[in-house]
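Quick notes on the structure that follows.
Okay, here's the thing in structure tokens:
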């Protein structure tokens, strides 16, 4: 098919899905729609759709933000040799995420969960001719398999806990009804939920399974936007919200989720401070924001997590697509080699600035309202987590202020003359910029719509909003003052050792590399030797050789000489007579 036809067909189909989702949401459609899938004696499984406020909101995000990214891709990828393959992968990615959102049972959800992993491998490694892209695709795929193994074990554990044999189910509504029986086995339920959360750690890139996400920037920029805003990484947070009816009964697991999310938010924010690649800054930013969402679930509010997921989808897609416009125009990703973009690309710069304000959480941008809900929740539940959340907010302002200073407001270092992209790339930026501003105005209705019966209402102190804005403003001013002062004073030496520590990602990747090379690979070689020399050579092949030798020896008895046979027969008779007559 012609390139334009491919792009418009796929993007139009995605937009049609968005319109159908709006129709479902406006009609307030809810309920389960299913057909029999597997029917065996004592075992049955349905294939179905479960619609409720949570799934409708997520479906609108996937199809709405996805539509903007699809249309943007038509122009961004127009000269790419793998244009058709790219849109095929993009379509598979979108439908896999939609499958996760609407699945009515965990087995069906797991199938689409794995398809998301396959899609990420295909799209992150789209430019597979580059070793970095091919390696990044493999890294994302393999890291997620570690988490998904835990998820699968958790699903099997919930199957066993769901009821007596013959009445077990993985249907989400039936699991909800079976919670009372599951609580009779609280320790086993705790283990099952920990295993499921390991799957969340892989998909939503929580420490220590976060290592794949920064490298995923090797894929095309629209893919990065789709992964970070509307599909893969938000799937884990959505799963936590989907299974909140189970998680809130496990306080130990909830505490662990909250603290791990807070640590991931802080940990990733510090790494974003030293990145020079504009996409990697945004990637670590996503890691940090995902940590806040996970922390919100752990603190007992899936609605706060999902509300921040919704607003984050708008402004993070906006930031990535704006970054894509810059890369498309300048062929440069290093913010230290940019500068002066606010004059040369005013529309893109304005879009990036709006996304930045939303990410930092300045009033009245949407990020202000959703982040405020999470910080108010942390203030109510845990002083330590509230402090970590505020520090993370300060670091967010620091690293985004650094991007603004170096890429947009600082002196230009570009060797090319950048220009604004065409309408197909500009229009999604405008739409997402508007949504990034106005989405927060509906925070009350959104929180009420997403509210789970097990949650307590969140009361936001009036002073918290002002404090959050002050922290963000202080961070922006700090970074601008730092760069201004550094022009006149040599301050770089003060942070050399700390920068080295963070640039090396706190040596987490080095630790993984050491483990793989020094532990896993030697152990694998040892097992290979055992398999070849003992199991195969000694066991399988040894048995075969023994059988062959025994056959060769017994063949010698078949001489074909009747005198020999009579002699053996006579000898046998003599032995029998000896033992039966003489000996007895």
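Residue numbers (the working numbering): 7 to 590.
The beta-carbon is built from N, C-alpha and C at its ideal position, and this holds for glycine as well.
Remember, it's a predicted structure, so these values are computed and weren't measured experimentally.
Query                                                                                                  : Result
Between the CA atoms of residue 314 and residue 328 - distance to the nearest angstrom                 : 21 Å
C-beta atoms of residue 427 and residue 355 nearer than 7 Å                                            : no
The stretch 219-228 touching the stretch 253-261, judged by at least three CB pairs closer than 8 Å    : no
Proximity of residue 364 and residue 442 at Cβ, strictly below 7 Å                                     : yes
Residue 43 - containing beta strand (DSSP E), residue span                                             : 37-46
Cutoff 7 Å; reference residue 238; Cβ partners in own chain excluding five residues on either side     : 122, 126 and 209
Range covered by the alpha helix (DSSP H) that runs through residue 573                                : 568-583
Three-state class that DSSP yields for residue 587 in the structure shown                              : helix
Span of the alpha helix (DSSP H), counted from its first residue to its last, around residue 57        : Residue 57 -> not in any alpha helix (DSSP H); beta strand (DSSP E) instead, spanning 49-57.
Alpha carbon of residue 525 to alpha carbon of residue 269, nearest angstrom                           : 27 Å
Rounded distance between the beta-carbons of residue 383 and residue 474, thought under 8 Å            : Between residue 383 and residue 474 the Cβ distance is about 13 Å, and since that is not below 8 Å, they are no contact.
Whole alpha helix (DSSP H) elements within the stretch 195-237, 4-residue minimum                      : 218-221 and 227-235
Host alpha helix (DSSP H) of residue 313 (start-end)                                                   : 308-336
7 Å Cβ cutoff met for residue 457 and residue 230                                                      : no
Distance between residue 58 and residue 527 (C-alpha atoms, nearest Å)                                 : 47 Å
Length of the line joining the Cα atoms of residue 165 and residue 188                                 : 10 Å
Helix, strand or coil at residue 125 according to DSSP, with G and I counted as helix                  : helix
Contained alpha helix (DSSP H) runs [length at least 4] in the stretch 428-504, N- to C-terminal order : 429-444, 449-456 and 468-492
Contact set for residue 573: own chain, Cβ-Cβ below 8 Å, skip 5 residues either direction              : none
Residue nearest to residue 247 in terms of C-alpha spacing, selected from 325, 228 and 301             : 301
Burial state of residue 570, where buried means 16 or more other Cβ atoms lie within 10 Å              : exposed
contact_flag[the stretch 506-517, the stretch 394-411] where n(CB pairs < 8 Å) is 3 or more            : no
Endpoints, the alpha helix (DSSP H) within which residue 352 is located                                : 352-366
Whether residue 106 touches residue 119 by CB criterion (7 Å)                                          : yes
Contact under 7 Å by Cβ, residue 142 with residue 130                                                  : yes
Contact set for residue 470: own chain, Cβ-Cβ below 8 Å, skip 5 residues either direction              : 378, 381, 382 and 385
Sub-7 Å separation of residue 372 and residue 228 beta-carbons                                         : no
Under the three-state DSSP convention, the category residue 547 falls into                             : helix
Residue 48 to residue 200 span [Cα, whole Å]                                                           : 28 Å
Cβ contact (3+ pairs, closer than 8 Å) linking the stretch 13-25 and the stretch 86-100                : yes
Rounded C-alpha distance that separates residue 282 from residue 271                                   : 19 Å
Ordered list of alpha helix (DSSP H) runs contained in the stretch 112-175, each at least 4 residues   : 112-130 and 137-167
Among 550, 481, 321 and 588, nearest to residue 440 - alpha-carbon criterion                           : 321
Straight-line Cα distance separating residue 44 from residue 32                                        : 34 Å
Sufficient close CB pairs (3 or more, under 8 Å) joining the stretch 409-422 to the stretch 289-298    : no
Burial state of residue 112, where buried means 16 or more other Cβ atoms lie within 10 Å              : buried
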